[in-house]
Amino acid sequence: MDLDHTISYFRHGILFKPRQLFKAISDEADPWVDQRNLLHSIFSWAAISIVLLTINFNFGLVFSIAYFFHLVFDALDGADFYPFFPFKRFVIKGFVKYFSNQEIIFDTCLILVLTTLFII
3 MDLDHTISYF RHGILFKPRQ LFKAISDEAD PWVDQRNLLH SIFSWAAISI VLLTINFNFG
63 LVFSIAYFFH LVFDALDGAD FYPFFPFKRF VIKGFVKYFS NQEIIFDTCL ILVLTTLFII
């Protein structure tokens, strides 16, 4: 679950309803089509990165890299991803099935690689 998705869950009244919240976060479908919009756009990434890099370069650099890879990993799953939102002509649907064994294996491998790189 992305932190910015909590806005959608709050707006639709399920943030404090555990059963409905679990159903929403464990399903690839976006029932309200408002979870991957403005903040999941390359335009937002660029604008926020520029502002943060200007205010504090070191923090901005780390945040910008993390935000970019967040967008890359969102593009890997099968949910609709519009990298140029609000322009919806170009949509990406990745190859990793959401909330599946495939995703668990992918995430585990990624964690192992990152841990190994951190230790070295």
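Everything in the sequence shown is counted per my numbering, starting at 3 for the first residue and increasing by one.
We treat Cβ as the ideally placed atom computed from N, Cα and C, and that holds for glycine.
Along the alpha helix (DSSP H) that carries residue i, what are the first and last residues, could you check?
i: Ile113; result: 103–121
i: Asp4; result: Per DSSP, Asp4 belongs to no alpha helix (DSSP H) and is neither H nor E.
i: Asp76; result: 59–78
i: Tyr31; result: In the sequence under discussion, the amino acid at residue 31 is Ala, which differs from the Tyr named in the question. Per DSSP, Ala31 belongs to no alpha helix (DSSP H) and is neither H nor E.
Apart from the five residues on each side of it in sequence, which residues of its chain come closer than 6 Å, Cβ to Cβ, to residue i?
i: Phe59; result: none
i: Leu78; result: Gly96, Val98
i: Phe61; result: none
Tell me, which residues are paired with residue i by DSSP?
i: Ile94; result: Phe83
For residue i, name the three-state secondary structure that DSSP assigns.
i: His14; result: coil
i: Pro20; result: helix
i: Ser46; result: helix
Here's the rule: buried if 16 or more other CB atoms are within 10 angstroms of the residue's CB, otherwise exposed. What is residue i?
i: Ser43; result: buried
i: Ser28; result: exposed
Below 7 Å CB to CB, which residues in the same chain sit around residue i once its five sequence neighbours on both sides are set aside?
i: Phe70; result: Trp47
Kindly list the residues whose CB is nearer than 8 Å to the CB of residue i, restricted to its own chain and excluding five residues on each side of it in sequence; keep chain order.
i: Thr56; result: Gly62
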